[in-house]
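Here the structure comes first, spelled out in structure tokens, and everything after it is commentary.
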Amino acid sequence: MKAIIFDFDGLIIDTETVWYEAYKETMGFYQAELPLERFVHCIGTDDTQLHAFFREQLGESCNIDEIEALAKSLHKGKMKTPQAREGVREYLEEARKLGYKIALASSSTREWVTHYLHELELLHYFDVMITQEDVQKVKPAPDLYLKAIEALRIHSSEAVAFEDSLNGCQAAVTAGLKCVIVPNPVTESLPFEKHSLRLASMAEKRLMDVIELIKPS
Numbered sequence: 000m001k002a003i004i005f006d007f008d009g010l011i012i013d014t015e016t017v018w019y020e021a022y023k024e025t026m027g028f029y030q031a032e033l034p035l036e037r038f039v040h041c042i043g044t045d046d047t048q049l050h051a052f053f054r055e056q057l058g059e060s061c062n063i064d065e066i067e068a069l070a071k072s073l074h075k076g077k078m079k080t081p082q083a084r085e086g087v088r089e090y091l092e093e094a095r096k097l098g099y100k101i102a103l104a105s106s107s108t109r110e111w112v113t114h115y116l117h118e119l120e121l122l123h124y125f126d127v128m129i130t131q132e133d134v135q136k137v138k139p140a141p142d143l144y145l146k147a148i149e150a151l152r153i154h155s156s157e158a159v160a161f162e163d164s165l166n167g168c169q170a171a172v173t174a175g176l177k178c179v180i181v182p183n184p185v186t187e188s189l190p191f192e193k194h195s196l197r198l199a200s201m202a203e204k205r206l207m208d209v210i211e212l213i214k215p216s
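Below, the structure written as structure tokens:
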């Protein structure tokens, strides 16, 4: 193993649970519901499915920009004091000490990712950052991971991906990576498949132990 590739939203920092709360409250203003089972399919990818759901519930003429503006305002208020998920900082530090290259592969924008990594004082750990601006298709397409592997100058078999969503897991596995699932409160009930290992949090096992468990026998 030569590299560790992290997802961002929902994995390093749980923006996804907060997004669900924000969108659910926003839909409430329009006297509509946002079931969790519909929202989870939008996690880890772009907003196409989410916007389709808004139109399905509120009509084709609904103001998507207005809905997004309200949700973003609510989300921003809830994220005033961002915290990294349990064990994240320790994994990054351990990866550095073990000599692994560290990359990030996110369907979000570079501005979004770097803002929070700077706030969390984690930005300096990453050797490579691949975001939606760098590819034609985001997750569940494998493009983000393939681009990260290319930038790291390694083979897919030499990296492990850490993910929290179905879309992210599919992207990593399709790209040929081992995938470790670390779900958050809105993704923990999803039917993950083809992953190499599942953790409740990164505090559950040391990175060294995770690598040992998923390496070929």
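In numbering that gives the first Met the number 0, the protein residues as written are 0 to 216.
Cβ coordinates follow ideal geometry from the N, Cα and C atoms, glycine included.
It should be emphasised that the depicted structure is a prediction, and the values quoted were computed from it without experimental measurement.
In this structure, DSSP gives residue 165 a helical state, which the three-state scheme calls helix.
Three or more beta-carbon pairs separated by less than 8 Å are not found between the stretch 58-73 and the stretch 7-15, which leaves the two stretches without contact.
Proximity to residue 94 across 54, 20, 187, 160 peaks at 160, based on C-alpha coordinates. By the neighbour-count criterion, in which a residue is buried when 16 or more other Cβ atoms sit within 10 angstroms of its Cβ, residue 14 is buried. CA-CA distance, residue 22 to residue 97, rounds to 40 Å. In terms of CA proximity to residue 134, 109 leads the group 3, 40, 124, 109.
Pairing residue 132 with residue 32, the inter-Cα distance amounts to about 32 Å.
At a Cβ-Cβ threshold of 8 Å, residue 185 and residue 87 do not count as neighbours. Counting along the chain, no alpha helix (DSSP H) covers residue 128; the unbroken beta strand (DSSP E) around it starts and ends at 127-129. Counting only the Cα atoms, residue 177 lies some 36 Å from residue 24.
Residue 177 sits in a strand when the DSSP states are folded into three classes. Contact annotation, residue 1 with residue 150: C-beta distance approximately 13 Å; criterion of less than 8 Å not satisfied. Per DSSP, reduced to three states, the secondary structure at residue 197 is strand. By the neighbour-count criterion, in which a residue is buried when 16 or more other Cβ atoms sit within 10 angstroms of its Cβ, residue 162 is buried.
Between the alpha carbons of residue 138 and residue 126 lies a gap of roughly 21 Å. In the three-state DSSP reduction, residue 5 falls in the strand class (E or B).
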